[in-house]
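Visitor: Here's a structure for you.
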Amino acid sequence: MLAKFGGVEFHVKKIDYGRSVKIAEASFLADDNKSQVNEPDNIDFKIQGFIYGREVENVKRRLEAALSRKQGLLVMPDGRSAQVKTDEGGWRISGDDENEGYYLLDLNFKKIDADNLSLQIIELKEIDEEKVAAGQAETEKNILAEFDEKFTFEGFPNFVKTQSFDSITSIAGKISKLTADNLIGQIVDPITGNLDILAAAAGGISNAIMSYLKLGDTFGAEKDYFDTYIGIAGLQSEVDYPEINDESLLQVYTNAKAVQQLVNQEAVVQAVFEASTKKQYDNRKQIEQTVETIQKTAETVLFDTDNIVVQTQISDLVNLGIKLIRKKHAVKIRNVRFNRSFPAVVIAHELYGAENIEDAEARLVKRNEIRHALFCPAGEELEVEDV
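Per the numbering used here, residue 15 is the first one in the sequence shown, and the count goes up by one each step.
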């Protein structure tokens with residue numbers, strides 16, 4: 015049996031789920047305390063599973079990253095799904111001494127969208143995530159094809175080859191500086207050799223440049239690369255359009271422009287993937303800021319894209335990614351207001367109960383950008399998760 019959490023697939027040995035009964039919390043903030051009565055708790059899940067195979071270390075890192083975010087979409091073996099958070103039992107990933115490349119999973123979740131206590135057939139957001147992945151692959155194929163159509167040095171003087179290679183190493187150096195400035199890490203000797211060596215590699219020059227932009231493969235899938243990709247999307251070539259009508263100089267410019275466009279276009283594609291499938295948001299404001307950043311960045315890159323097929327595909331991918339960002343990461347919320355100032359922990363206890371109170375307090379403070387957790391402002395609306 016197979017299940018998914020946060021888009022990461024794993025094998026299931028045993029799954030147990032259901033609802034318990036809990037005692038309702040007394041209200042600390044209302045004028046009249048609620049009676050303490052029994053009420054049904056939300057659905058919890060206890061899953062024993064495993065991962066294995068040639069790519070197991072990469073799968074393990076992705077699963078750890080998803081679990082560390084503490085909430086996400088759980089898709090069960092029968093296709094039903096629910097938005098869940100990690101339960102008080104937590105999660106464990108254990109290696110097996112007798113089976114190298116095999117990890118045991120012990121996962122505990124609780125359903126968080128309490129407005130509907132039934133499990134849903136696989137949600138549109140999961141389907142949209144698959145559409146993003148499919149759209150990304152198809153777009154990248156055409157980005158590579160466009161580059162291969164423009165970039166050439168055959169039949170030109172040797173300086174065209176030399177200066178075209180310099181264009182690649184120049185923009186690669188800028189990418190490496192961006193990753194270092196964003197504290198991701200620095201790529202050592204990103205592009206070496208010459209154009210003949212790159213052309214002889216699997217997939218040719220275009221694939222060599224494209225693979226260099228897969229930051230997750232270099233630094234690990236668990237890091238956040240969104241801001242770095244936005245920066246990469248704005249990188250420019252240092253080669254100007256030739257002042258004299260010379261075919262060789264024009265090809266140097268064309269090659270440099272092709273490198274820039276490939277890098278910019280792929281950066282937008284990767285930024286959409288990061289924002290829609292990995293990036294976490296504390297409130298609606300962050301979601302809209304991310305959407306605005308993607309739209310502005312994509313608009314600039316698309317304006318500079320002269321291939322109508324690539325232009326259309328990137329535009330469609332951006333629109334789908336934005337739809338997924340708004341749907342997948344925005345938990346259901348409501349607004350509350352208290353006439354007195356209370357510590358955040360007291361409000362969190364009133365809203366969510368004693369379970370995982372520290373996490374609930376931290377989310378409340380972060381979501382509302384509260385400056386001091388001991389003094390939540392009185393009379394102001396607070397944005398809280400509706401669970």
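Note that beta-carbon positions come from the ideal geometry of N, C-alpha and C, so glycine has one too.
1) Helix, strand or coil: which one does DSSP assign to residue 58?
2) May I have the straight-line CA-CA distance separating residue 197 from residue 256, to the nearest angstrom?
3) Is the beta carbon of residue 87 sitting closer than 8 Å to the one on residue 20?
4) For the beta strand (DSSP E) that contains residue 123, what are its first and last residues?
5) Quick check on this structure: which residue in 104, 213, 263 and 288 has the alpha carbon closest to the alpha carbon of residue 171?
6) Given a threshold of 16 other Cβ atoms within 10 Å of its Cβ, counted over all protein chains shown, does residue 245 qualify as buried or as exposed?
7) For residue 327 and residue 285, I'd like the C-alpha separation in whole angstroms.
8) In whole angstroms, what is the alpha-carbon distance linking residue 191 and residue 185?
9) I need the straight-line Cα distance from residue 72 to residue 370, nearest angstrom please.
10) Smallest Cα separation from residue 287: which of 330, 249, 320 and 260?
11) Within this structure, are the beta carbons of residue 209 and residue 281 separated by less than 8 Å?
12) Tell me whether residue 165 sits in a helix, a strand or coil according to DSSP, three-state version.
13) Nearest-angstrom Cα distance between residue 63 and residue 386?
14) Relative to the C-alpha of residue 193, which residue among 359, 241, 323 and 297 is closest?
15) Put residue 386 into one of helix, strand or coil per three-state DSSP.
16) Label residue 278 either buried or exposed according to how many other C-beta atoms from any shown protein chain fall within 10 Å of its C-beta, with 16 as the threshold for buried.
17) If you reduce the DSSP assignment to three classes, tell me which class residue 243 lands in.
18) Would you mind reading off the limits of the beta strand (DSSP E) that contains residue 85?
19) Could you tell me if residue 82 is buried or exposed, where buried requires 16 or more neighbouring beta carbons within 10 angstroms of its beta carbon?
20) Counting only the same chain and skipping the five closest in sequence on each side, list residues whose C-beta sits under 6 Å from that of residue 375.
21) If you follow the beta strand (DSSP E) that residue 19 is in, where does it begin and where does it stop?
22) In chain order, what are the residue ranges of uninterrupted beta strand (DSSP E) at least 3 long that sit wholly in the stretch 240 to 312?
23) For residue 154, which of 334, 15 and 283 has the nearest alpha-carbon?
24) Using only alpha-carbon positions, find the residue among 91, 213, 24 and 333 that is nearest to residue 67.
25) Among the residues of its own chain, which have a CB less than 6 Å from the CB of residue 125, if the five just before and after it don't count?
26) Could you tell me which residues DSSP puts in a beta bridge with residue 348?
27) Go ahead and label residue 40 buried or exposed: buried means 16 or more other beta carbons lie within 10 angstroms of its beta carbon, across all protein chains shown.
28) On a CA-only basis, which of 252, 254, 164 and 379 is nearest residue 219? Give me that one, please.
29) Can you give the Cα-Cα distance for residue 398 and residue 32, rounded to whole angstroms?
30) Enumerate in chain order the residues of its own chain whose CB-to-CB distance from residue 77 is below 6 Å, with the five nearest sequence positions on each side excluded.
31) Over the uninterrupted alpha helix (DSSP H) stretch that includes residue 229, give me the two end residues.
Guide: If we stick to the structure as given:
1) strand
2) 37 Å
3) yes
4) 113 to 125
5) 263
6) buried
7) So the alpha carbons of these two residues sit roughly 15 Å apart.
8) Residue 191 and residue 185 have their alpha carbons spaced roughly 10 Å apart.
9) 29 Å
10) 330
11) No, these two residues do not count as a Cβ contact at 8 Å.
12) coil
13) Cα-Cα distance, rounded: 41 Å.
14) Residue 193 has its Cα closest to that of 241, out of 359, 241, 323 and 297.
15) Shown here, residue 386 sits in coil according to DSSP, grouped into three states, outside any helix or strand.
16) buried
17) helix
18) Per DSSP, residue 85 belongs to the beta strand (DSSP E) from 85 to 89.
19) exposed
20) 358, 359 and 362
21) 16 to 19
22) none
23) 283
24) 24
25) 56, 57, 96 and 98
26) 398
27) Confidence at residue 40 is low in this model, with a pLDDT of 47, below 50, so its placement is unreliable and no value can be given for it.
28) Residue 219 has its Cα closest to that of 164, out of 252, 254, 164 and 379.
29) Near 26 Å, if we compare the C-alpha coordinates of residue 32 and residue 398.
30) Cβ-Cβ distances below 6 Å link residue 77 to 22 in the same chain, with the five nearest sequence neighbours on each side left out; the list follows chain order.
31) That run of the alpha helix (DSSP H) goes 229 to 233.
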